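Down below is the structure, laid out as structure tokens.
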Amino acid sequence: MNSRYMSLVIAGLIGAPGLAFAGGLLPYGVISGYGTWLQDADGRASNGLGNAVDYSTESDLGWGVTGAAGLGLDTGQQVCNTLGGEIEGGYRTNGLDEIDFDTVTLTNVGTAGTADLDGDVSALSVMANVRCETPVFNGKFYVLGGGGGANISLDDFSIGGTSVPLSDDDEWVGAYQIGAGWAFPVNPNADLTVGYRYFGTGDPEFTGSTGVKFDTEYATHNFEVGIKFF
7 MNSRYMSLVI AGLIGAPGLA FAGGLLPYGV ISGYGTWLQD ADGRASNGLG
57 NAVDYSTESD LGWGVTGAAG LGLDTGQQVC NTLGGEIEGG YRTNGLDEID
107 FDTVTLTNVG TAGTADLDGD VSALSVMANV RCETPVFNGK FYVLGGGGGA
157 NISLDDFSIG GTSVPLSDDD EWVGAYQIGA GWAFPVNPNA DLTVGYRYFG
207 TGDPEFTGST GVKFDTEYAT HNFEVGIKFF
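What follows is the structure in structure tokens.
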């Protein structure tokens, strides 16, 4: 590459950010904390020999945190004035509370009825989101949606005070989310965000040390407070 072409490349690299920002692109970041309610889940435990028990579980309120980095495009429109794309990492966790299952007995599962359920279920997620913001009064109304993957993990699992050892206690599954909320300016470079998100995944499966498999569901309702900075 001769010096003339090198000069053109360097000039292009230096000028590119200015052209991008002139066109309305704006980098941003969002850090959010959540109060998280894990939706009651239906599941099935089976030993592969035709024996199975259907069950449902209840959980305690939990917490979560996400962080995202993205680029927003100033569209100049009243509706969806800013359209952004972002990559987000997140973590959510809830304590288990109660299990209700039917009449079939399985090793390390139990018999019919309701029993105390202990342990923690958590989700470590990586998501790609689209965010749309519309000016409302002195703030912005936003909606977002995204897809990606989540590692669902089950720790310290016990039923009725009896520990259930697991040989496979986590699984990667597909994930999705939708949400909405409001952003209020707190200074020229930051907004306070308040909102709601529904976060759901494919059905994870865990395996006990005796070979019993536990299929279940994972979906959370998340109430957000965060900071968007730009």
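The sequence shown begins at 7 in our numbering and counts up one residue at a time.
We put the CB at the ideal spot given by N, CA and C, even for glycine.
Small disclaimer: the values here were computed from a predicted structure and weren't measured.
Note to self: I'd like to know if the stretch 194-203 and the stretch 153-165 are in contact, where contact means that at least 3 CB-CB pairs between them fall below 8 Å.
What the structure shows: no
Next item on the list: Please state if the CB of residue 179 and the CB of residue 214 are separated by a distance shorter than 8 Å.
Entry: no
Check: Cα-Cα, which of 101, 128, 76, 222 is closest to residue 33?
Finding: 76
Notebook entry, point to check: Under the three-state reduction of DSSP, which class applies to residue 183: helix, strand or coil?
Noted result: strand
Item checked: Secondary structure of residue 215, DSSP reduced to three states -> coil
Notebook entry, point to check: Start and end of the beta strand (DSSP E) containing residue 141?
Noted result: 119-142
Next item on the list: Output yes if chain C places a C-beta closer than 8 Å to the C-beta of residue 166; else output no.
Entry: Protein chain content of the structure displayed is limited to a single chain, and chain C is not contained in it.
Check: How do the stretch 34-42 and the stretch 57-72 stand: do at least 3 beta-carbon pairs fall below 8 Å, yes or no?
Finding: yes
Checklist line | Span of the beta strand (DSSP E) around residue 103 | finding: 88-107
Item checked: Span of the beta strand (DSSP E) around residue 70 -> 67-80
Margin query: I'd like the span of the beta strand (DSSP E) that includes residue 230, first residue to last.
Written below: 225-235
Next item on the list: To the nearest angstrom, report how far apart residue 29 and residue 80 are at their CA atoms.
Entry: Only weak support exists for where residue 29 lies, its pLDDT of 49 falling under 50; the value from the coordinates is given anyway. Cα to Cα, residue 29 sits roughly 8 Å from residue 80.
Notebook entry, point to check: Just checking my contact of residue 153 with residue 186 at CB under 8 Å: how many whole Å lie between their CB atoms?
Noted result: The pair is not a contact, with the Cβ atoms about 17 Å apart (cut-off 8 Å).
Next item on the list: Reducing DSSP to helix, strand and coil, say where residue 85 ends up.
Entry: coil
Checklist line | Cut-off 6 Å between Cβ atoms - residues of its own chain near residue 85, not counting five sequence neighbours on either side | finding: 140
Next item on the list: Determine the contact status of residue 93 and residue 127, defining contact as a CB-CB distance below 8 Å.
Entry: no
Next item on the list: Using beta-carbon positions only, say whether residue 38 and residue 232 come within less than 8 Å of one another.
Entry: yes
Next item on the list: Could you tell me the boundaries of the beta strand (DSSP E) in which residue 149 lies?
Entry: 145-165
Item checked: Whole-angstrom distance between residue 64 and residue 136, CA atom to CA atom -> 31 Å
Item checked: residue 219 and residue 52 closer than 8 Å at C-beta -> yes
Check: How about residue 166 and residue 122: are their beta carbons less than 8 Å apart?
Finding: yes
Next item on the list: Starting from residue 176, follow its DSSP beta bridges and name the residues at the other end.
Entry: 159
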